[in-house]
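S.K.:
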Amino acid sequence: MKQKNNSTWVSWNENLKYNYKTKYTITTEEELQEVIAKNDKIRFFGSKQSSADIAAGTDALIDMTAYNKIVSYDYNKKTITVQSGLILGELLEAIEAVGWCIPCLPDINTITIGGALATGTHGTSGKLLAEYMIGCNLVLADGTIQTVTAEDDLIDAVRVSLGMLGVMSTTTFQCEPAYTLHIKEGPESDDVWLPKIKSRLKKHDFLRILWLPHTDKGYVITGDKINSDTEVVENLGPKYLKHRRTASKILYKYTHIFPWLTAIANKLLYKGFFSSKKEHKGTLYQATVTKSRGSTLELAEWTIALDKFPQVFAELKEELNNWSNKSFVHIPMDVRFVYQDKSWLSYAYGHDTVTMGCVSRNAATADTYEAFKSVEKIFIKHGGRPHWGKRFTAKDAELTQIYPKWKYFKELRRELDPTNKFLNPYLSQLVNEKETANVKKVIA
Ligand SMILES: Cc1cc2nc3c(=O)[nH]c(=O)nc-3n(C[C@H](O)[C@H](O)[C@H](O)COP(=O)(O)OP(=O)(O)OC[C@H]3O[C@@H](n4cnc5c(N)ncnc54)[C@H](O)[C@@H]3O)c2cc1C
């Protein structure tokens, strides 16, 4: 096992930095157990791509990314077991190679399996990624292993648990046969796409809407399952579309100083990059997941019951279009759909859910990005739930109101981790426990 001492942990977009005393890079379950057992306080991290302050902030840290092997396949049951530091893209390529898929994928492939599960990472038109996990080995605070299967009640608490109950070591996924999607994309006015959400969810196998604030438009992406040999006349739009992220970066460069510039930038970006139609086909992974990103960014995401979405959207749009505040939002706000489940800390616990992303393309100035505050204010007023891996300010009092199982999760956490080994300062505030760690956040 590798060990590094007295250095600084830095998140992918450099917005979170912590000094640490020891960082362990583990490669086996036994090493993971040993390190957890011998440290009083410890956090663990994957690709460091969360915006919420959940992955570091303790003297001892575990880097999970070298714990990244595929352990086994069960070809009859279509299941695969992997170590939790494996990168999602590698898992998806491995299952595609044997003709399988996981039917609901996030728009990122560089995250680790452990990080994705812990934060309730999701895609659209399906369930959270964690819902496809049918079992795992959980390394508890005392270093022992608890095996959790789909039959155990505990799985509903463990699937999305921010690494507060234990560290997932190996995880098993239930896969489905791979399929090909016929994707159609194009712009629509807000008054056209909004009322069509429910009928489109019934009609299509894939639905995602990139809402373009300050333009009254959404960019609608639908996908329908087809035979892989069905011919689709491919139209990927003008070649310059691939420069969208670079153009956004330039146009948004001074929007933290003059937020109203955002409204102008968005209109230009709509005309340049979202006004044409596209059509293509591919597997869910190949046709819909972004494989590379030009720059870093900062993210928030809020979720709301499907039935409440039209009202929340109307209020949000009014607030964002009000020039008396500074809540101008960078393009796009990603609207996706997650189906009801039973995981305690899932956004979709108890109801079908709409998720809505909010991006600041200037990661370094994200603290001054007013839109994060406006979006949170409106969603939380309607009982919306925040994405665990992204930015939000809600704490224990609010979470108690919006997650019916929050109280039970806290009780279970206290039972499994009585000395608060797995809490960092941010997580302590979330669950309303006294902080005992003494690590100082590095002021960048
Ligand atoms: C560009 C970008 C696009 C994104 N797109 C999406 C999207 O489409 N949908 C979506 O839902 N989210 C999305 N996210 C959020 C992202 O999926 C989550 O933040 C995810 O947690 C990042 O994984 P990671 O490997 O970087 O985890 P980290 O940020 O390193 O860790 C996240 C949390 O997981 C815990 N953890 C890590 N490993 C384990 C383990 N083995 N067992 C238990 N806990 C563990 C950590 O302690 C920490 O609390 C996106 C983020 C970015 C930056």
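Numbering of the sequence shown is given in this note's numbering, commencing with residue 846 and proceeding in unit increments.
Beta carbons: idealized from backbone N, C-alpha and C, even for Gly.
Quantities reported herein were computed from a predicted structural model and do not represent experimental measurements.
1. Please work out which residues of its chain come closer than 7 Å, Cβ to Cβ, to N850, disregarding the five sequence neighbours upstream and downstream, and give them in chain order.
2. Please state whether DSSP places V1199 in a helix, a strand or coil.
3. Looking only at DSSP bridge pairs, what is Q848 linked to?
4. Helix, strand or coil for I899? Go by DSSP, reduced to three states.
5. I'd like the list of long-range same chain contacts for N1283, defined as Cβ closer than 6 Å, with 5 residues on each side in sequence excluded.
6. Looking at the unbroken alpha helix (DSSP H) that takes in D1241, where does it start and where does it end?
7. For my contact list, R1236 and E1143 are in at a C-beta cut-off of 8 Å; report their separation, rounded to the angstrom.
8. Could you tell me if the beta carbon of T964 falls within a distance shorter than 6 Å of some heavy atom in ligand 1?
9. Going by C-alpha to C-alpha distance, which of L1052, F1154, S917 and L1010 sits closest to S970?
10. Quick one: using the 10 Å Cβ neighbour count with 16 as the cut-off for buried, is G944 buried or exposed?
11. Assuming P1104 and K1162 make a contact with CB atoms under 8 Å, what is their CB distance in whole Å?
12. Which one or two residues does DSSP pair with M909 in a beta bridge?
13. Select from T873, V916, A1216 and L933 the residue whose C-alpha is nearest the C-alpha of N1167.
14. Using 6 Å as the cut-off, classify the Cβ of H967 as near or not near the heavy atoms of ligand 1, replying yes or no.
15. Pull up the distance between the alpha-carbon of T994 and that of S896, whole angstroms please.
16. Is it buried or exposed, R1290, if we count other Cβ atoms within 10 angstroms and call 16 or more buried?
17. Express the C-alpha separation of L1026 and K1062 in angstroms, rounding to a whole number.
18. Check the C-beta distance from G988 over to E874 and give it rounded, since I have them as a contact under 8 Å.
19. Name the residue from H1125, N954, A961 and G891 whose alpha carbon lies nearest to the alpha carbon of S1137.
20. Could you round the C-beta distance between I915 and A939 to whole angstroms and report it? I think they count as a contact, below 8 Å.
21. Does ligand 1 have a heavy atom nearer than 6 Å to the CB of V993?
22. Check whether the stretch 1015-1030 touches the stretch 1067-1077, taking contact to mean three or more Cβ pairs, one atom from each stretch, closer than 8 Å.
23. Which value, in whole angstroms, describes the spacing of the CA atoms of K1255 and K1122?
24. Around the Cβ of D898, are there at least 16 other Cβ atoms within 10 angstroms (buried) or fewer (exposed)?
25. Report the residue from L1275, Y1214 and K862 whose alpha carbon sits nearest the alpha carbon of G902.
26. Mind checking whether the beta-carbon of M909 lies closer than 6 Å to any heavy atom of ligand 1?
27. Check Y1115 in the structure and name its three-state DSSP category.
28. I need the DSSP call for S1273, collapsed to helix, strand or coil.
29. What is the rounded straight-line gap between the Cα of I925 and the Cα of T910?
30. Could you check how far apart the C-beta atoms of G968 and T1017 are, in whole angstroms? I think they sit under 8 Å.
31. Smallest Cα separation from Y1097: which of V1174, V1134 and S1073?
32. Identify which residue in R1090, R1206 and D1197 has its Cα closest to the Cα of N858.
33. Just checking V855 against ligand 1 - is the residue's beta carbon closer than 6 Å to any of the ligand's heavy atoms?
34. State yes or no: is the C-beta of G1202 within less than 7 Å of the C-beta of T964?
35. Counting C-beta neighbours from all protein chains within 10 Å, is the total for A1208 16 or more, i.e. buried, or is it exposed?
36. Measuring alpha carbon to alpha carbon, tell me which residue in E976, V1003, W1251 and E941 is nearest N982.
M.R.: Quick look at the numbers:
1. Reading the sequence shown from its first residue, position 5 is the one you call residue 850. Here N850 has K866 and T867 as same chain residues with Cβ atoms under 7 Å from its own Cβ, once five neighbours each way along the sequence are excluded.
2. Your numbering for residue 1199 matches position 354 in the sequence shown. Reduced to three states, the DSSP call for V1199 is strand.
3. Residue 848 sits at position 3 when you count from the first residue of the sequence shown. DSSP output for Q848 lists Y869 as bridge partner(s).
4. Sequence index remark: in the sequence shown, residue 899 carries index 54 (1-based). Note: I899 maps to coil in three-state DSSP.
5. Sequence index remark: in the sequence shown, residue 1283 carries index 438 (1-based). Per-residue confidence for N1283 stands at a pLDDT of 48, beneath the threshold of 50, marking its modelled position as unreliable; the derived number appears in the next sentence. Correct list: empty, nothing qualifies.
6. Taking the sequence shown and counting its residues from 1, one reaches residue 1241 at position 396. It spans D1241 to I1247 - the alpha helix (DSSP H) in which D1241 sits, taken as one unbroken run.
7. Along the sequence shown, read from residue 1 onward, the residue named residue 1236 stands at position 391. Along the sequence shown, read from residue 1 onward, the residue named residue 1143 stands at position 298. Indeed, because the Cβ distance is near 7 Å, the residues count as touching under 8 Å.
8. Working through the sequence shown from its first residue, we reach residue 964 at position 119. T964 Cβ: within cutoff of ligand 1.
9. Locating residue 970 in the sequence shown gives position 125, where the first residue counts as 1. Closest option to S970, judged by alpha-carbon separation, among L1052, F1154, S917 and L1010: L1052.
10. Counting from one through the sequence shown, the residue named residue 944 turns up at place 99. Sixteen is the threshold: since fewer than 16 other Cβ atoms of the shown chains lie within 10 Å of the Cβ of G944, the residue is exposed.
11. Position 259 of the sequence shown, counted from the first residue, corresponds to residue 1104. Position 317 of the sequence shown, counted from the first residue, corresponds to residue 1162. Wrong, their Cβ atoms sit about 17 Å apart, outside the cutoff.
12. Position 64 of the sequence shown holds residue 909. According to DSSP, which records beta bridges pairwise, M909 is partnered with nothing at all.
13. Mapped onto the sequence shown, residue 1167 falls at position 322. Nearest of T873, V916, A1216 and L933 to N1167, Cα basis: A1216.
14. Counting from one through the sequence shown, the residue named residue 967 turns up at place 122. Answer for H967: yes, Cβ within range of ligand 1.
15. The residue you call residue 994 lines up with position 149 of the sequence shown. The residue you call residue 896 lines up with position 51 of the sequence shown. Between the alpha carbons of T994 and S896 lies a gap of roughly 30 Å.
16. The requested residue 1290 is not part of the displayed model; the chain covers only 846 to 1289.
17. Position 217 of the sequence shown, counted from the start, is the residue given in the question as residue 1062. Position 181 of the sequence shown, counted from the start, is the residue given in the question as residue 1026. Cα-Cα distance, rounded: 24 Å.
18. The count along the sequence shown starts at 1 and reaches residue 988 at position 143. The count along the sequence shown starts at 1 and reaches residue 874 at position 29. Wrong, their Cβ atoms sit about 11 Å apart, outside the cutoff.
19. The residue given as residue 1137 occupies position 292 in the sequence shown. Of the residues H1125, N954, A961 and G891, the one whose Cα lies closest to the Cα of S1137 is N954.
20. One-based indexing of the sequence shown puts residue 915 at position 70. One-based indexing of the sequence shown puts residue 939 at position 94. In this structure, I915 and A939 form a Cβ contact; the two beta carbons are roughly 6 Å apart against a cut-off of 8 Å.
21. Against the sequence shown, residue 993 aligns to sequence position 148. V993 Cβ: outside cutoff for every heavy atom of ligand 1.
22. Segments in contact, yes.
23. Within the sequence shown, numbered from 1, the residue matching residue 1255 stands at position 410. Within the sequence shown, numbered from 1, the residue matching residue 1122 stands at position 277. Straight through space, the alpha carbons of K1122 and K1255 are spaced by roughly 48 Å.
24. For this step, residue 898 is matched to residue 53 along the sequence shown. D898 comes out buried.
25. What you label residue 902 is simply residue 57 of the sequence shown in a count that begins at 1. The shortest C-alpha separation from G902 is found at K862.
26. The sequence position of residue 909 within the sequence shown is 64, counting from 1. Yes - ligand 1 has a heavy atom lying nearer than 6 Å to the Cβ of M909.
27. Counting from one through the sequence shown, the residue named residue 1115 turns up at place 270. The answer is helix: DSSP assigns Y1115 an H, G or I state.
28. Position 428 of the sequence shown, counted from the start, is the residue given in the question as residue 1273. Three-state DSSP puts S1273 in a helix.
29. On the sequence shown, residue 925 is found 80 positions in, with the first residue counted as 1. On the sequence shown, residue 910 is found 65 positions in, with the first residue counted as 1. If I take the Cα positions, the gap works out to 18 Å.
30. Translated into positions along the sequence shown, residue 968 becomes position 123. Translated into positions along the sequence shown, residue 1017 becomes position 172. At roughly 19 Å, the Cβ-Cβ gap does not stay under 8 Å, so G968 and T1017 are not in contact.
31. As a first step, residue 1097 must be located in the sequence shown, where it is residue number 252. Checked all of V1174, V1134 and S1073; the closest Cα to Y1097 is V1174.
32. Residue mapping note: residue 858 aligns to position 13 of the sequence shown, counting from 1. Measuring from the Cα of N858, the nearest candidate turns out to be R1206.
33. By 1-based counting over the sequence shown, the position of residue 855 is 10. At a threshold of 6 Å, V855 does not count as near ligand 1, since its beta carbon sits no closer than that to any of the ligand's heavy atoms.
34. By 1-based counting over the sequence shown, the position of residue 1202 is 357. By 1-based counting over the sequence shown, the position of residue 964 is 119. Not closer than 7 Å, so no.
35. Counted from its first residue, the sequence shown places residue 1208 at position 363. Taking every protein chain shown into account, the CB of A1208 has 16 or more other CB atoms within 10 angstroms, so this residue is buried.
36. As a working mapping, residue 982 is identified with position 137 in the sequence shown. Ranked by how close their Cα comes to the Cα of N982, the residues E976, V1003, W1251 and E941 have V1003 in first place.
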